[in-house]
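**Student:** First residue of the sequence shown? That's 22 in our numbering, and the numbers climb one at a time after it.
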Amino acid sequence: MGRRGALPRGDCARVKLTAAMSLGAMLLLGAQEPVQQRPGDIPVVRVNTRLVNVAVNVTDEHGALIGGLEQDQFRVLEDGMPQKIAIFERESGTPLSMVLALDTSESMVRDDRLARDAAKQFARTMLRSQDELAVEEFSDAVSEVVPFTNELKRVERGLNHLDYGPSTALYDAVYLSAQRLEDAKRDATRRRVIVLVTDGGDTVKGATYTQAMEQVQRAGAMVYCLIIVPIRADAGRNVGGEHALMQMSEDSGGRYYYVDDPKDLQKALDKVSEDLRSQYAIGYYAPPGKPGGERLRSIRVEMTQPELAGQYKLRYRTGYYR
């Protein structure tokens, strides 16, 4: 009998293709659909628009989160062109769709209880009535432990039954987590988050880093990586996977944390919670699409006051597909 909910290895490519085709259809922006006319009617044109949401964290030189800023202190650019801010909210209470992806490779067995307890506390802290959380486990394959839910007890029951395996399908986990976030609730201002807990790099020939990162950008997700490394300075350790996770976190507007002692995993998840609760929610309507088809559009957020620009650091996702 296969593992609970595990995705067959060959299914990953088929899921990718289906998702890409569906997403391509949904993201045909700027298309104009004429409304059926009756004699004497004035021609009416319906224009499809897309609200682009950007969650922004502001920190000082010491990494402390900064609140209390105003809308006119921010400027947003897409592909270098200034955009009008349509939505602005401080200490964002906008809804969250989250995927908690737990590494269940054999090397994580020793920290099993700590990981479960920390994950349960994270769910207790984060789940509000407007939020939803899914739990995935990944080793040689990726399995959905708990589908999207708002029920804390359901999450806790799922976390009591994790299965362990020999490998680490890390990029498959990121890819499929982002893919599931595309199917999450469609609230216009909803934030999408992947929280990844792992102690190593990818060891399974599945999705690549590039494919995983593209899917993250398509989903508009932020990736938070908790990297459990008991001996960070170990000269014999392969750090390539860690550097990839660090880059993915930065490009998606998330953050990465080294957890030197598994007992500190709860503290790291608490930092993720604080980070999400301290975000500014900024939204703008995407400009009309240009000929040439879908591509990655760059996003840049700046402070309008030079003195603040030199004082604070902004963290946000750097692009999306349209």
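Glycine is no exception: its CB is placed at the ideal position from the N, C-alpha and C atoms.
Does the segment 220-232 touch the segment 187-199, meaning 3 or more C-beta pairs lie closer than 8 angstroms?
**Tutor:** yes
**Student:** Using the Cβ count rule (16 or more neighbours within 10 Å means buried), how would you classify M102?
**Tutor:** On the sequence shown, residue 102 is found 81 positions in, with the first residue counted as 1. Counting every other CB atom within 10 Å of its CB across the protein chains shown gives M102 a total below 16, marking it as exposed.
**Student:** Just the Cα atoms here: how many angstroms apart are D161 and Y245?
**Tutor:** By 1-based counting over the sequence shown, the position of residue 161 is 140. By 1-based counting over the sequence shown, the position of residue 245 is 224. If I take the Cα positions, the gap works out to 22 angstroms.
**Student:** Nearest to T115 by alpha carbon, out of L98, S150, N181 and Q236?
**Tutor:** Position 94 of the sequence shown, counted from the first residue, corresponds to residue 115. Of L98, S150, N181 and Q236, the residue nearest in Cα terms is S150.
**Student:** I need the boundaries of the alpha helix (DSSP H) containing P168, first residue and last residue.
**Tutor:** By one-based count along the sequence shown, residue 168 stands at place 147. For P168, there is no enclosing alpha helix (DSSP H); the enclosing beta strand (DSSP E) has its first and last residue at V163 to T170.
**Student:** For the beta strand (DSSP E) holding S118, just list the boundary residues, first then last.
**Tutor:** Within the sequence shown, the letter at position 97 stands for residue 118. Looking at the DSSP string, the run of the beta strand (DSSP E) that includes S118 is L117 to D124.
**Student:** Looking at the structure shown, is E328 part of a helix, part of a strand, or coil, going by DSSP?
**Tutor:** By one-based count along the sequence shown, residue 328 stands at place 307. E328 falls in the helix class under three-state DSSP.
**Student:** Determine, using beta carbons only, whether E158 and L183 come nearer to each other than 7 angstroms.
**Tutor:** The residue labelled residue 158 in the question sits at position 137 within the sequence shown. The residue labelled residue 183 in the question sits at position 162 within the sequence shown. E158 is a Cβ neighbour of L183, given a cutoff of 7 angstroms.
**Student:** Please work out which residues of its chain come closer than 6 angstroms, Cβ to Cβ, to S113, disregarding the five sequence neighbours upstream and downstream, and give them in chain order.
**Tutor:** Here residue 113 refers to the residue found at position 92 when the sequence shown is read from its first residue. Only Q300 and A302 meet the Cβ criterion.
**Student:** Of all the options V97, E99 and V77, which has the alpha carbon lying nearest to the alpha carbon of G89?
**Tutor:** In the sequence shown, counting from the first residue as 1, residue 89 sits at position 68. Per the Cα distances, V77.
**Student:** Quick check for students: name the residue ranges of the alpha helix (DSSP H) that lie wholly in the segment 240-304, counting only runs of 4 or more.
**Tutor:** 261-273 and 286-298
**Student:** DSSP beta-bridge partners for T219?
**Tutor:** On the sequence shown, residue 219 is found 198 positions in, with the first residue counted as 1. DSSP, once it has assigned bridges, lists I248 as partnering T219.
**Student:** Please name the residue, chosen from M119, K174, R137 and R96, that lies closest to A240 on a Cα-to-Cα basis.
**Tutor:** On the sequence shown, position 219 is the one that residue 240 refers to. Among M119, K174, R137 and R96, the Cα nearest to that of A240 belongs to M119.
**Student:** Going by CA-CA distance only, name the one from V218, M147, G275 and Q200 that's closest to L117.
**Tutor:** Working through the sequence shown from its first residue, we reach residue 117 at position 96. Considering only alpha carbons, the answer is M147.
**Student:** For Y196, does the three-state DSSP call read helix, strand or coil?
**Tutor:** Locating residue 196 in the sequence shown gives position 175, where the first residue counts as 1. The answer is helix: DSSP assigns Y196 an H, G or I state.
**Student:** Would DSSP call Y342 helix, strand or coil?
**Tutor:** Counting from one through the sequence shown, the residue named residue 342 turns up at place 321. It is a strand residue.
**Student:** For a test of the three-state rule: what should DSSP assign to V156, helix, strand or coil?
**Tutor:** For the purposes of this step, residue 156 is taken as the residue at position 135 of the sequence shown. Of the three classes helix, strand and coil, the one that applies to V156 here is strand, per DSSP.
**Student:** State the Cα-Cα distance for the pair A209 and I106, rounded to the nearest angstrom.
**Tutor:** Locating residue 209 in the sequence shown gives position 188, where the first residue counts as 1. Locating residue 106 in the sequence shown gives position 85, where the first residue counts as 1. Taking the straight line joining both Cα atoms gives about 15 angstroms.
**Student:** So, V163 versus V156, is the Cβ gap smaller than 7 angstroms?
**Tutor:** Looking up residue 163 in the sequence shown gives position 142. Looking up residue 156 in the sequence shown gives position 135. Taking 7 angstroms as the Cβ cut-off, V163 and V156 do not qualify as a contacting pair.
**Student:** Would you call Q200 buried or exposed, if buried means 16 or more other Cβ atoms sit within 10 Å of its Cβ?
**Tutor:** For the purposes of this step, residue 200 is taken as the residue at position 179 of the sequence shown. The residue is buried, with at least 16 neighbouring Cβ atoms inside 10 Å.
**Student:** Is the segment 125-141 touching the segment 271-289, taking contact as three or more C-beta pairs under 8 angstroms?
**Tutor:** When Cβ pairs closer than 8 angstroms are counted between the two stretches, the segment 125-141 is seen to touch the segment 271-289, the count reaching three or more.
**Student:** For the beta strand (DSSP E) containing E91, name the first residue and the last one.
**Tutor:** Looking up residue 91 in the sequence shown gives position 70. Note, E91: premise wrong, no beta strand (DSSP E); not H, not E.
**Student:** Helix, strand or coil for G186, going by three-state DSSP, please let me know.
**Tutor:** For the purposes of this step, residue 186 is identified with residue 165 of the sequence shown, where counting begins at 1. In the structure shown, the three-state DSSP call for G186 is strand.
**Student:** What did DSSP end up calling R316 once you bin it into helix, strand or coil?
**Tutor:** Working through the sequence shown from its first residue, we reach residue 316 at position 295. Coil, per DSSP.
**Student:** I108 bridges to which residues according to DSSP?
**Tutor:** The sequence position of residue 108 within the sequence shown is 87, counting from 1. According to DSSP, I108 bridges with G304.
**Student:** Can you grab the Cα-Cα spacing for the pair L28 / S188, in whole Å?
**Tutor:** Position 7 of the sequence shown, counted from the start, is the residue given in the question as residue 28. Position 167 of the sequence shown, counted from the start, is the residue given in the question as residue 188. Note on L28: pLDDT 47, under 50, position unreliable in the model; no value is reported.
**Student:** Candidates G310, G314, K311 and Y306: which alpha carbon is nearest F109's?
**Tutor:** Mapped onto the sequence shown, residue 109 falls at position 88. In terms of CA proximity to F109, Y306 leads the group G310, G314, K311 and Y306.
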